[in-house]
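K.L.:
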Amino acid sequence: MGARDVGLPESVGATGLPDRVTIWEVGPRDGLQNESEVVPVATKLEFLDRLADAGGTILEATSFVHPKWVPQLADAEELLAGLVKRPGVTYPVLVPNERGLERALRAGVEHVAIFASATETFARRNLNRSLDEQFAMFDPVVAKAKAEGLRVRGYVSMCFGDPWEGAVPRDQVVGVGTRLLDMGCDQLSLGDTIGVATPGQVTALLAGFDGVDRLAVHFHDTYGQALANTLAALQSGVRTVDSSAGGLGGCPYAESATGNLATEDLVWMLDGLGVEHGFDLDKLADTSAWMAERLGRPSPSRVVRALRG
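Put into structure tokens, the structure is as follows:
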């Protein structure tokens, strides 16, 4: 049974929501980085092409992290060399440091992202820096990227809970995020890396920032709260949401981080709320079912399972 057999959800709008949401698709990077087997470049390229054909306009393509740490994305240069970019689609890449940025610049990228931590322990485990020392690493990266005319996104991990430290103080998260914005990041993505957030926490954290125009949210569905948390963020004025086709993904440095919010699940909710987003659900579900076959397991997305069996 396919999406054409079921149709789309009834569209019933709700107050306090944006007319349109930008979906930042992280499946090709965050979705595949934690796979046990390396996905062939040709498959990754087809994945990106299928996502663009389904309506994706921001497709996070890969990462220039050292291959030793994320071997699944060691083919970043080869991938970008083979990528046929679609008009109107941007393909951001993740860069951890100046060396990663130089690799990205040689590959001709136009949009990069850096990834910071809201906690001391994760900063040391993920970046080999203290919470404060991480900014000295990011500052020259952001400055160089901006000087080269690139847009820069800043990710902040562990915004709601940390597996080693527990609950994370909101003022600590706001402090880290504000420093990244002041450094020159065009956008800040607040990540619930281990999926422990609840809607009240989301609303409270967003209220701590001086406006939400440059904020995005990135939820993991460990406890089944990703959609509820997304709705809370939209009601707080956020207009950019990260998600992963088929619900793929995790974090190689945090074992308790399970899959990302599935793009199909997000699209189903937005369609039901009458919020524009640009994706064709039918093509998107086909894409995730196709990728699930190549990974040899069912898609974690509830919508994909419902529409594609």
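Sequential numbering of the sequence shown, starting at 1, is according to UniProt numbering. Even for Gly, the Cβ is constructed at its ideal location relative to N, Cα and C.
Near Gly127, which residues of its chain fall below 6 Å by C-beta distance, leaving aside the five closest residues on each side in sequence?
P.N.:
Residue identity check: residue 127 is Leu in the sequence provided, not Gly. The residues are Gln134.
K.L.:
Helix, strand or coil for Ala116, going by three-state DSSP, please let me know.
P.N.:
Looking at Ala116 - three-state DSSP - the assignment turns out to be strand.
K.L.:
What is the residue span of the alpha helix (DSSP H) that Ala42 lies within?
P.N.:
Its alpha helix (DSSP H) spans residues Val41 to Asp53.
K.L.:
Write down every uninterrupted run of the alpha helix (DSSP H) in the stretch 136–218 whose length is 4 residues or greater and which is fully enclosed by it, in chain order.
P.N.:
Entirely contained in the stretch 136–218, the alpha helix (DSSP H) runs reaching 4 residues are, in chain order, 170–183 and 199–207.
K.L.:
How big is the Cα-Cα spacing for Lys146 and Val217?
P.N.:
Looking at the two C-alpha atoms, the distance is approximately 23 Å.
K.L.:
Less than 7 Å between the beta carbons of Thr230 and Gly195, yes or no?
P.N.:
No, the Cβ-Cβ distance between Thr230 and Gly195 is not below 7 Å.
K.L.:
Whole angstroms is fine: what's the gap from Gly161's alpha carbon to Thr119's?
P.N.:
Their backbone Cα atoms lie some 9 Å apart in a straight line.
K.L.:
Spatial neighbours of Val38 within its chain, please: CB distance less than 7 Å, with the 5 preceding and 5 following residues excluded, ordered by chain position.
P.N.:
So the list reads Pro71 and Gln72, once near-sequence residues are dropped.
K.L.:
Assign Thr240 to one of three DSSP states: helix, strand, or coil.
P.N.:
Correct three-state label for Thr240: strand.
K.L.:
Sort Leu180, Asp182, Val168 and Gly211 by Cα distance to Asp197 and report the nearest one.
P.N.:
Residue 197 is actually Ala in this sequence, not Asp. Comparing Cα-Cα distances from Ala197 to each of Leu180, Asp182, Val168 and Gly211, the minimum goes to Val168.
K.L.:
Using a 10 Å radius around the Cβ and a threshold of 16 neighbouring Cβ atoms, would you call Leu305 buried or exposed?
P.N.:
Looking at the sequence shown, residue 305 is not Leu but Arg. Buried, by the Cβ-count rule.
K.L.:
Among Glu102, His66, Arg103 and Thr43, which residue has its Cα nearest to the Cα of Gly82?
P.N.:
Nearest option by C-alpha distance: Thr43.
K.L.:
Beta-carbon within less than 6 Å of Ala226's beta-carbon, same chain only, minus the 5 sequence neighbours each way: which residues are those?
P.N.:
Counting only Cβ-Cβ distances below 6 Å, and skipping sequence neighbours, we find Phe219 and Leu261.
K.L.:
How many angstroms separate the CA atom of Phe115 from the CA atom of Leu8?
P.N.:
Rounded to whole angstroms, Phe115 to Leu8 spans 36 Å at the Cα level.
K.L.:
Quick check on DSSP: helix, strand or coil for Glu25?
P.N.:
Three-state result, Glu25: strand.
K.L.:
Based on the DSSP secondary-structure assignment, which residues constitute the bridge partners of Leu94?
P.N.:
Per DSSP, Ser63 and Ala113.
K.L.:
Return the residue from the list Asp49, Gly259, Arg20 and Gly278 that minimises the CA-CA distance to residue 313.
P.N.:
Residue 313 cannot be examined here, being either before or after the span of the chain that is shown, 1 to 309.
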